[in-house]
Amino acid sequence: MGGYDDVSTFAHESGHSMHSYFSNKYQPYINSDYSIFVAEVASTLNENLLSHYALKNITRNNQEKLFLLGSKLEGFRTTLFRQTLFAEFELKIHEIVEAKGSLSDEQLSKLYLQLLKIYYGHDQGICQIDDIYGIEWARIPHFYYDFYVFKYSTSLVASTAIAKAMREETQKGGTSVRDAYIKFLSSGSSKYPIELLKGVGVDMTTSKPFNAAIEEMNSIMDQIEKMIASTPQ
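Each residue of the sequence shown is one higher than the last, beginning at 4 in the numbering used here.
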């Protein structure tokens, strides 16, 4: 429909298409399907590049910039923060079953509500979490699969670091990061995902990529606060 969310969704899904296209083209069938650990790298990297491009070249006023920054911040919250909450919830319910325990909707809602309150600082007065939100787990389709949600966070952490390096290199006229990224997209599952990401300069066995993602998230909040403070009331 031409709105920003529509364009962002197109960029996201195009990332998946690129990853599948290059992996299928350059890998034999047995290695052409990439690991879920990196399944959202290309999609979230495209979103990152789009948002930076839009902020720099398209926005015409502070309201538009605030909208884009707010959208990007919400993306970090739902992908890096919320999906980690999901992953911890999923792990805990599997641990209950492995310990010969049983699950009920009341038990699942209680556990989910506890995690929500911890993650959002309910007891510290940071964010009020009403009890009704405990049932939210029931509408998350990924909980009915097996351990998929964690990779949203791992992929966003990796793609944020790659996108930053790519933007910085482009300003200097270089292409090595871009070329390494295309090679990554073309590698399918020919190596373990950790090793594939190291080929693009991202070592997920360290805290450096995570710190880079948090740095960008903090930068977005700083920009929003600065713009709001400078806007006449």
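Cβ atoms here follow ideal geometry from the backbone N, Cα and C, with glycine treated the same way.
TODO: Have a look at Arg-63 and Phe-70 and give me their C-alpha separation to the nearest angstrom.
DONE: 12 Å
Task: Other residues of its chain near Val-152: CB distance less than 7 Å, five sequence neighbours each side excluded - done: Gln-86, Phe-89, Ala-90, Glu-93 and His-145
Task: Opening and closing residue of the alpha helix (DSSP H) in which Pro-196 lies - done: 196 to 201
- [ ] Please list, in chain order, all residues of the same chain as His-19 whose beta carbon is under 6 Å from its beta carbon, the five residues on each side excluded.
- [x] Ser-46
Open item on the list: Quick check on the DSSP output: what are the complete alpha helix (DSSP H) runs of length 4 or more inside the stretch 95 to 163, in order along the chain?
Closed with: 108 to 122
Task: Buried versus exposed call for Ile-61 [16 or more other C-beta atoms within 10 Å across all chains shown] - done: exposed
Task: Environment of Leu-199 [buried if 16+ CB atoms lie within 10 Å] - done: buried
- [ ] Determine the direct distance from the alpha carbon of Asn-51 to that of Leu-72, and round the result to whole angstroms.
- [x] 11 Å
TODO: Taking 7 Å as the cut-off, decide whether the C-beta atoms of Asn-49 and Ser-74 are in contact.
DONE: no
- [ ] Check each candidate in Tyr-7, Ser-35 and Thr-234 and name the one with the smallest Cα separation from His-55.
- [x] Tyr-7
TODO: Quick one: using the 10 Å Cβ neighbour count with 16 as the cut-off for buried, is Phe-13 buried or exposed?
DONE: exposed
Open item on the list: Can you look up Asp-9 in the DSSP assignment and give me helix, strand or coil?
Closed with: helix
TODO: Just the C-alpha distance for Ser-189 and Asn-34, rounded to the nearest angstrom, thanks.
DONE: 10 Å
Task: Unbroken alpha helix (DSSP H) run spanning Asn-51, endpoints - done: 44 to 60
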